[in-house]
Structure formats: C-alpha cells, structure tokens
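Novice: Next up is a structure, given as structure tokens.
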Amino acid sequence: DVRLQCGSHEIGTGVRTVAGQMASERLGVSIDRISVEMGDSSLPPAPVSGGSISTASVCSAVLMACDAIRTKLYAAATAEGGPLASSHNEKFELADGKIVAKSGASAKVGDVLKAMQVGAIEEYAEFAPKGATPEALKKLYAGKPEFHGGEQDEDSVKYAFGAEFVEVRINRYTREVRVPRIVDAFAAGRIMNTRTARSQLMGGMIWGIGQALHEATEVDRRYARYVNRDLQDYLVPVNADIKDLQVILVPEVDHAVNPAGVKGLGELGNVGTAAAVASAVYHATGKRIRDLPIRIEQLLV
Numbered sequence: 536d537v538r539l540q541c542g543s544h545e546i547g548t549g550v551r552t553v554a555g556q557m558a559s560e561r562l563g564v565s566i567d568r569i570s571v572e573m574g575d576s577s578l579p580p581a582p583v584s585g586g587s588i589s590t591a592s593v594c595s596a597v598l599m600a601c602d603a604i605r606t607k608l609y610a611a612a613t614a615e616g617g618p619l620a621s622s623h624n625e626k627f628e629l630a631d632g633k634i635v636a637k638s639g640a641s642a643k644v645g646d647v648l649k650a651m652q653v654g655a656i657e658e659y660a661e662f663a664p665k666g667a668t669p670e671a672l673k674k675l676y677a678g679k680p681e682f683h684g685g686e687q688d689e690d691s692v693k694y695a696f697g698a699e700f701v702e703v704r705i706n707r708y709t710r711e712v713r714v715p716r717i718v719d720a721f722a723a724g725r726i727m728n729t730r731t732a733r734s735q736l737m738g739g740m741i742w743g744i745g746q747a748l749h750e751a752t753e754v755d756r757r758y759a760r761y762v763n764r765d766l767q768d769y770l771v772p773v774n775a776d777i778k779d780l781q782v783i784l785v786p787e788v789d790h791a792v793n794p795a796g797v798k799g800l801g802e803l804g805n806v807g808t809a810a811a812v813a814s815a816v817y818h819a820t821g822k823r824i825r826d827l828p829i830r831i832e833q834l835l836v
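In structure tokens:
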C-alpha cells in the first residue's frame, strides 16, 4: 500500500484524485491501495488551493517522490543477489505490485522490500518551477507561497491557452440576453483526469456567464457597505441560465513546464467567456459594451 501526504487542500477541484492517480501510475499500484492525506498543517506544505496551481504543483512533487522510490527499488532488485540481478542492464517498469523487466522477468515489490530489510520506503520531494525565485521554497515553508513561479524563465512560456466561441440570443423587445451555446477549446498540458478537467472548465464557463450578464456588487456609498452581500440579492447563473456547454481538450505535450507536464486550468474556462459574450452582443446589436455585467438598460439606449 502507498501513503501519500501533502498539505494541499481538496476543495472539490479534484487534487486528491489526481495526486492518487499520479502515484498509481508511477508506482504501478491500484489506486484503491493509495491513501491520500491532505488538509493538515503538519503535512509537507503546499500552495493554497487556488490560482490554478494545485494540480501542477502537487503532481510534480508526487512524481518526483515516486521516481525516487522507483530508483531505490530498481537498484535493490538488480543488486548482486537481488531477484533481478541478471537483468540489471534492462529497462524496468512497475505494474501490479511487481518490478517488470523488458525481457519479462519480474519480482514482487514486497520481496524486494524484504531483501532491503525495510518495512517501507519513504521519500520527501520538493518542487519549485523553473524560473521561480531562489527563495520560493523558503517562502513556501514560511506560509507565504509565490504565485508567479516560472514568470522569470526566459526560455519558455508556461501558461495554458483557450479559445472560446459563444452564441447569444437577444430579445428584440426587452433586450434580455441569453447564452444558449458555448464551445471552448483548451490546451493545458497533460490532462490528469478528463472528467475533473471538464468539470473545472465548465465551471469556469458558467462563472464567465455570470460575470458577463449577472454579477455586480452594489455599494451604499453613504455607509460604505455592500447591499447585495448574500445569494438572495447577488445574482449568479442558475440552471435555467445554462444551456449547451461543450469543452474540447486539445492534446498538448509540454515537459518544459514541470516534471509532470501539467498546467493549471481551474480558471482558464472563465478567462475569455465574458469577452466572447460581449463580442457576440456587439455582432448582434452593433453596441460595444465594455462594462460588466452587460445590462438590459445598456442595450435599450
């Protein structure tokens, strides 16, 4: 069994799932035999669960730790007297709890651990993106993580990309705006889990509809207080506002970004939605609205 510990938080974005998936893949262990512990300050530190950084940061560290374990297992298995000593010049993989040589020879990981005379292998891995400041890890341990890691890398750009296509319908009498269809294409490096990635991107697209058409903070300037500070008065999209959302995941391989080849996509679905809605409104009405949300009264003028 594998025990994975990280101070990141699972807030519904799926980081616990993808961290377990990475360990399962690299160690050849069924995911149901992997225990992922998160959300405790006594665990190895991680950035906050926000800013589209969790999966890229956590999975890179998990990969590095797992690869260090693989190296130790291979070395023990192929050492003199080891179960795979005769295959020491071959390539190996981990699968189904076994170390498997290219020739087909294999040894159970449990037997290798016994030969090493250890009950378990423990590895601690740290990851900071290329181009991060020299103090990045020190700041992380101090509870002040950097959010611009990699920006100083002059060799490559490490951002995810998206293109968003929006259809709007505007009532000719009331000028009410509806968004019946959005088709978005995104390239975000390696997609660790298609289901959770699509869910994140669709959430961002819905967020963008709210930003474009519904959400506005109203302030009583006499008392400097928000007057729509709850879900009763602050308008957000509901099921009736959301119709057809299509997400296209564009394959992208980018190992320069980090060891896992993963890019952040938590907010990517939101970035272009409001702009696309505004452009569609312009095409439909000839009115270029640059203030959000786009209100009915702006289209009636």
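Each residue of the sequence shown is one higher than the one before, starting from 536 at the first, in the working numbering.
Idealized CB from N, CA, C, for every residue including glycine.
With a floor of 4 residues, list each alpha helix (DSSP H) that falls wholly inside the stretch 721-780, ordered by position along the chain.
Specialist: 729-748
Novice: I'd like to check one pair, Thr731 with Val553: are the Cβ atoms closer than 8 angstroms?
Specialist: yes
Novice: Following the continuous beta strand (DSSP E) through Pro697, name the residue where it begins and the one where it ends.
Specialist: The residue asked about is misnamed: residue 697 is Gly in this sequence, not Pro. Counting along the chain, the beta strand (DSSP E) containing Gly697 begins and ends at 696-705.
Novice: Taking Cβ to Cβ, would you say Gly804 is nearer than 8 angstroms to Gly724?
Specialist: no
Novice: Is the Cβ-Cβ distance between Leu675 and Val712 less than 8 angstroms?
Specialist: no
Novice: Check Ile823 in the structure and name its three-state DSSP category.
Specialist: Ile is not the amino acid found at residue 823; the sequence shown has Arg there. Coil at Arg823, not helix or strand.
Novice: Answer yes or no: do Pro715 and Lys778 have a C-beta to C-beta separation smaller than 8 angstroms?
Specialist: yes
Novice: Could you tell me which of Ser592, His818, Trp742 sits nearest to Ala663, measuring between CA atoms?
Specialist: Ser592
Novice: Here's the rule I'm using: 16 or more other beta-carbon atoms within 10 Å means buried, otherwise exposed. How should Leu835 be labelled?
Specialist: By the C-beta density criterion, Leu835 is exposed, having fewer than 16 other C-beta atoms within 10 angstroms.
Novice: Within the chosen definition, does the stretch 554-569 reach the stretch 625-643 through at least 3 CB pairs nearer than 8 angstroms?
Specialist: yes
Novice: Along the alpha helix (DSSP H) that carries Val583, what are the first and last residues, could you check?
Specialist: No alpha helix (DSSP H) contains Val583, which DSSP labels as neither H nor E.
Novice: Pick out whichever of Ile831, Met740, Ala660 has its Cα sitting closest to the Cα of Leu578.
Specialist: Ala660
Novice: Using three-state DSSP, classify Ile569 as helix, strand or coil.
Specialist: Residue state, collapsed to three classes: strand.
Novice: If you drop the 5 nearest sequence neighbours on each side, which residues of the same chain put their C-beta closer than 6 angstroms to that of Gly796?
Specialist: Gly724, Arg725, Asp789, His790
Novice: Just to confirm the assignment, what range does the alpha helix (DSSP H) spanning Glu832 have?
Specialist: Glu832 -> alpha helix (DSSP H) spans 831-835.
Novice: Contact between the stretch 757-769 and the stretch 694-705: three or more CB pairs below 8 angstroms?
Specialist: no
Novice: Have a look at the DSSP bridge pairing and note the partners of Val712.
Specialist: Answer is Ile705.
Novice: Cutting at 8 angstroms between CB atoms, please list the residues of its own chain near Gln833, excluding the five before and the five after it.
Specialist: Lys822, Ile824, Asp826
Novice: If you follow the beta strand (DSSP E) that Glu628 is in, where does it begin and where does it stop?
Specialist: From DSSP, the beta strand (DSSP E) with Glu628 extends over 627-630.
Novice: Would you kindly work out how many angstroms separate the C-alpha atoms of Leu736 and Ser587, rounded to a whole number?
Specialist: 11 angstroms
Novice: Taking DSSP's pairing of strands, which residues face Val537 in a bridge?
Specialist: Ile569
Novice: Rounded to whole angstroms, how far is the Cβ of Pro786 from the Cβ of Ser595, which I believe are closer than 8 angstroms?
Specialist: Actually they are not in contact, since the Cβ atoms of Pro786 and Ser595 sit about 20 angstroms apart, beyond 8 angstroms.
Novice: Three-state secondary structure (DSSP) at Ile717?
Specialist: If DSSP states are grouped into helix, strand and coil, Ile717 belongs with the strands.
Novice: Could you tell me whether the Cβ atoms of Ile705 and Met740 are closer together than 8 angstroms?
Specialist: no
Novice: Pop quiz: Ser570 and Arg538 are said to be a contact at Cβ under 8 angstroms. What is the actual Cβ separation, rounded to whole angstroms?
Specialist: Yes, they are in contact, since the Cβ atoms of Ser570 and Arg538 sit about 5 angstroms apart, within 8 angstroms.
Novice: From the DSSP output, which residues share a beta bridge with Met633?
Specialist: Note that residue 633 corresponds to Lys in the displayed sequence, not to Met. Per DSSP, Ala630, Lys643.
Novice: Relative to the C-alpha of Lys798, which candidate in Ala722, Val644, Thr709, Glu658 has its C-alpha closest?
Specialist: Ala722
Novice: If you draw a straight line from the alpha carbon of Gln540 to that of Glu572, how long is it in whole angstroms?
Specialist: Cα to Cα, the separation comes out at about 5 angstroms.
Novice: In this structure, does DSSP put Leu784 in helix, strand or coil?
Specialist: strand
Novice: Would you call Lys693 buried or exposed, if buried means 16 or more other Cβ atoms sit within 10 Å of its Cβ?
Specialist: buried
Novice: Considering only their Cβ atoms, is the gap separating Leu784 from Thr709 smaller than 8 angstroms?
Specialist: Their beta carbons are not under 8 angstroms apart, which means Thr709 does not touch Leu784 by this criterion.
Novice: Locate the alpha helix (DSSP H) running through Asp602, then write down its first and last residues.
Specialist: 589-613
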